[in-house]
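Participant: Every letter in the sequence shown is one number past the one before it in full-length UniProt numbering, and letter 49, counting from 1, is 49.
My structure is below; once you've seen it, I'll send some questions.
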Amino acid sequence: MTATGIGSMPGGDVLASEDDNAREYAEAVRVVLGELPDFAHLPELPGRGAGASMTGRALALVTELGVDLQPAGWRLTGSGSGIDHRRARSLLGRDLDVFEEHAQGLAGPVKVQVCGPWTLAATVEKPRGDKVLADHGARRELAEALALGVADHVADMRRRVPGATEIVVQVDEPALPAVLAAQVPTASGFGKHRAIHPPEASGALETVLSAVTGAGATPVVHCCAGEVPVDLIRGAGARGVAVDLAALRASAYDGVAAALEAGERVLLGVVPTLDPATSLTDKAVADKALRFLDMLGLEPVPGLVLTPGCGLAGASPAWARRALELVASASKHLR
């Protein structure tokens, strides 16, 4: 039983210099490694701009498709990649260099995060506009290109952090429930994209999760929505799920319990992502997790991992550090 972060951290500014952003990223790495030595994660600083966003980080791994940044957001191109795509790749490479430098001697699991195929399809546009989600062939190609990129990313992390006992890949799918429920707006904003049926949704997820497994890493799917389709996620090959306890609805409880009983990881978000109005103690955080387990009829199990509810990009630096400290200390209470 341990603790980790979801991914994003405060810091960075799209208008700041490259050196200033580099210093902020190095500080985020030091905070993560200092507070979460038993289960570190590669931090993300989306405040630095589109290339550092969840979408931009995932597209930085995609080399099989041309991508560029337009005023409306990221878009596939019919030709090669634009300068913003190349910048996103360069930024990720520099971040990995910083993490590698500070993670020397690290022993234990290490987690990286990547935007999943359905959230990517719901945010990236086709060359002529509208979301990739609207085109069956385009969304299949994007999932396949992402799978190749993620496999290479795992190999790169294993080379950079040779002491890591396990590479965990957290596939972020905040838009998955909306994709399944036909709640993703069209480009005009006046309509919704058609619902993606569960078999196809599972198939695209399986493409990416199988690539993670094939590369020797452990795939976990993160969804901070209320209606988390845990059974679909596990059926697609995930070895764990990451959820926000404050948002999670009772309909997903059985799926979470089944994952824990099967010995899979459940990353349970138990600490607010924004600075709370009142102070929290590690014992209160541990009690919150225990009450949830009691509701499921379970005892604390090794697969339980405490986390903040979601990413910490909107938090103050002081709260981000405190949030990681709280989940780490609370996990020790549960042991």
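Ideal Cβ placement from N, Cα and C applies to all residues, glycine included.
Bear in mind that the values here come from a model prediction, so they are computed numbers and not experimental data.
CA-CA distance, His333 and Asp275?
Facilitator: Mapped onto the sequence shown, residue 333 falls at position 333. Mapped onto the sequence shown, residue 275 falls at position 275. Computed Cα separation, rounded: 23 Å.
Participant: Per the DSSP calculation, Gln113 is bridged to which residue(s)?
Facilitator: Counting from 1 along the sequence shown, the entry for residue 113 is found at position 113. Paired residues: Gln170.
Participant: Please give me, in chain order, every unbroken run of the alpha helix (DSSP H) with length at least 4 that falls completely inside the segment 136-197.
Facilitator: Taking only runs of at least 4 residues, the alpha helix (DSSP H) segments lying wholly in the segment 136-197 are 136-160 and 176-180.
Participant: Find the nearest neighbour of Gln183 within the set Gln170, Leu42, Arg87 and Ala122, judged by alpha-carbon distance.
Facilitator: Here residue 183 is taken as the residue at index 183 of the sequence shown, counted from 1. With distances taken between Cα atoms, Gln183 lies closest to Ala122.
Participant: In angstroms with no decimal places, state the Cα-to-Cα distance between Lys131 and Gly11.
Facilitator: Here residue 131 corresponds to residue number 131 of the sequence shown, with the count starting at 1. Here residue 11 corresponds to residue number 11 of the sequence shown, with the count starting at 1. About 30 Å.
Participant: Tell me, please, which residues DSSP counts as bridged to Leu268.
Facilitator: Numbered from 1 along the sequence shown, position 268 holds the residue referred to as residue 268. BP columns for Leu268 point to Val243 and Leu306.
Participant: When you compare only the Cα positions, how much space is there between Gly189 and Val285?
Facilitator: Position 189 of the sequence shown, counting from 1, holds the residue named residue 189. Position 285 of the sequence shown, counting from 1, holds the residue named residue 285. When rounded, the distance between both Cα atoms is 40 Å.
Participant: Helix, strand or coil, according to DSSP, for Lys131 in the structure here?
Facilitator: As a first step, residue 131 is located in the sequence shown; it is residue number 131 there, counting from the start. Of the three classes helix, strand and coil, the one that applies to Lys131 here is strand, per DSSP.
Participant: Where Arg140 and Gly47 are concerned, what is the direct C-alpha to C-alpha distance, given to the nearest angstrom?
Facilitator: Stepping through the sequence shown from its first residue, residue 140 is reached at position 140. Stepping through the sequence shown from its first residue, residue 47 is reached at position 47. The straight-line gap from Cα to Cα measures roughly 30 Å.
Participant: To the nearest whole angstrom, what separates the beta carbons of Gly269 and Asp244, a pair I think is in contact under 8 Å?
Facilitator: Here residue 269 corresponds to residue number 269 of the sequence shown, with the count starting at 1. Here residue 244 corresponds to residue number 244 of the sequence shown, with the count starting at 1. Confirmed, Cβ separation roughly 4 Å.
Participant: Would you list the one or two residues that DSSP bridges to Leu69?
Facilitator: Here residue 69 refers to the residue found at position 69 of the sequence shown. Answer is Trp74.
Participant: Are Cys223 and Pro272 touching if we call contact CB-CB under 8 Å?
Facilitator: Looking up residue 223 in the sequence shown gives position 223. Looking up residue 272 in the sequence shown gives position 272. Not closer than 8 Å, so no.
Participant: Is it the case that the Cβ atoms of Glu125 and Leu69 are separated by a distance below 8 Å?
Facilitator: Position 125 of the sequence shown, counted from the first residue, corresponds to residue 125. Position 69 of the sequence shown, counted from the first residue, corresponds to residue 69. No, Cβ-Cβ distance for Glu125 and Leu69 is not below 8 Å.
Participant: Is it a yes or a no for the segment 114-121 touching the segment 54-64, going by three-plus beta-carbon pairs under 8 Å?
Facilitator: With the cut-off at 8 Å, the segment 114-121 and the segment 54-64 touch.
Participant: With a threshold of 6 Å on Cβ separation, who are the neighbours of Ala204 within its own chain once the five nearest residues in sequence on each side are excluded?
Facilitator: Here residue 204 refers to the residue found at position 204 when the sequence shown is read from its first residue. Counting only Cβ-Cβ distances below 6 Å, and skipping sequence neighbours, we find Pro117 and Ala143.
Participant: Near Ala313, which residues of its chain fall below 7 Å by C-beta distance, leaving aside the five closest residues on each side in sequence?
Facilitator: On the sequence shown, residue 313 is found 313 positions in, with the first residue counted as 1. Taken in chain order, the residues that qualify are Ser8, Met9, Pro10, Pro46 and Gly47.
Participant: By the 10 Å Cβ neighbour count, where 16 or more other Cβ atoms means buried, how is residue 337 classified, buried or exposed?
Facilitator: Given a span of 1 to 335 for the chain in the structure shown, any question on residue 337 remains unanswerable.
Participant: Which residue spans inside the segment 16-59 form an unbroken alpha helix (DSSP H) run of at least 4?
Facilitator: Entirely contained in the segment 16-59, the alpha helix (DSSP H) runs reaching 4 residues are, in chain order, 18-35.
Participant: With which residues is Val208 paired in a DSSP beta bridge?
Facilitator: Translated into the one-based positions of the sequence shown, residue 208 becomes position 208. According to DSSP, Val208 bridges with nothing at all.
Participant: Among all the DSSP beta bridges, which residues are the ones paired with Ser316?
Facilitator: Along the sequence shown, one-based indexing puts residue 316 at 316. Answer is none; Ser316 lacks a bridge partner.
Participant: Alpha carbon to alpha carbon, what distance is there between Val62 and Trp74?
Facilitator: The count along the sequence shown starts at 1 and reaches residue 74 at position 74. The count along the sequence shown starts at 1 and reaches residue 62 at position 62. The straight-line gap from Cα to Cα measures roughly 13 Å.
Participant: According to DSSP, Gly108 sits in a beta bridge with which residue or residues?
Facilitator: If you number the sequence shown from 1, residue 108 lands on position 108. In the DSSP output, where bridge partners are listed per residue, Gly108 has Ala164.
Participant: Which residues does DSSP pair with His222 in a beta bridge?
Facilitator: For the purposes of this step, residue 222 is identified with residue 222 of the sequence shown, where counting begins at 1. DSSP, once it has assigned bridges, lists Asp172 and Ala242 as partnering His222.
Participant: Evaluate Gly255 with the Cβ neighbour count: other Cβ atoms within 10 Å of its Cβ, from every protein chain shown; 16 or more gives buried, anything less gives exposed.
Facilitator: Within the sequence shown, numbered from 1, the residue matching residue 255 stands at position 255. Gly255 is buried by the Cβ-count criterion.
Participant: Locate the alpha helix (DSSP H) running through Asp95, then write down its first and last residues.
Facilitator: As a first step, residue 95 must be located in the sequence shown, where it is residue number 95. Ile83 to His102 is the extent of the alpha helix (DSSP H) around Asp95.
Participant: In terms of residues, what are the limits of the alpha helix (DSSP H) holding Met295?
Facilitator: The residue labelled residue 295 in the question sits at position 295 within the sequence shown. From DSSP, the alpha helix (DSSP H) with Met295 extends over Asp282 to Leu296.
Participant: Val208 and Leu146 - do their beta-carbons sit closer together than 8 Å?
Facilitator: Here residue 146 refers to the residue found at position 146 of the sequence shown. Here residue 208 refers to the residue found at position 208 of the sequence shown. Yes, the pair counts as a contact, with Cβ atoms nearer than the cut-off.
Participant: Looking at Ala258 and Val228, is the spacing between their C-beta atoms short of 8 Å?
Facilitator: For the purposes of this step, residue 228 is identified with residue 228 of the sequence shown, where counting begins at 1. For the purposes of this step, residue 258 is identified with residue 258 of the sequence shown, where counting begins at 1. No, these two residues do not count as a Cβ contact at 8 Å.
Participant: Just to confirm, is the Cβ distance from Thr307 to Ala40 under 8 Å?
Facilitator: In the sequence shown, the residue the question calls residue 307 occupies position 307. In the sequence shown, the residue the question calls residue 40 occupies position 40. Not closer than 8 Å, so no.
Participant: According to the Cβ coordinates, are Glu264 and Gly240 closer than 8 Å?
Facilitator: Here the question's residue 264 lines up with position 264 in the sequence shown. Here the question's residue 240 lines up with position 240 in the sequence shown. In this structure, Gly240 lies closer than 8 Å to Glu264 by Cβ.
Participant: For Asp97, which option in Leu106, Leu304, Arg160 and Asp172 has the closest C-alpha, if you only look at C-alpha atoms?
Facilitator: Position 97 of the sequence shown, counting from 1, holds the residue named residue 97. Minimum Cα distance to Asp97 is reached at Arg160.
Participant: Residues in the same chain with beta-carbon distance under 6 Å from Gly78, minus the five sequence neighbours each way, listed in chain order, please.
Facilitator: Within the sequence shown, the letter at position 78 stands for residue 78. Cβ neighbours of Gly78 beyond the five flanking positions: Pro127.
Participant: Could you give the C-beta distance for Met54 and Ser331, rounded to a whole number, given that I count them as a contact under 8 Å?
Facilitator: In the sequence shown, residue 54 corresponds to position 54, counting from 1. In the sequence shown, residue 331 corresponds to position 331, counting from 1. Their Cβ separation, rounded to whole angstroms, is 25 Å, which puts Met54 and Ser331 out of contact at 8 Å.
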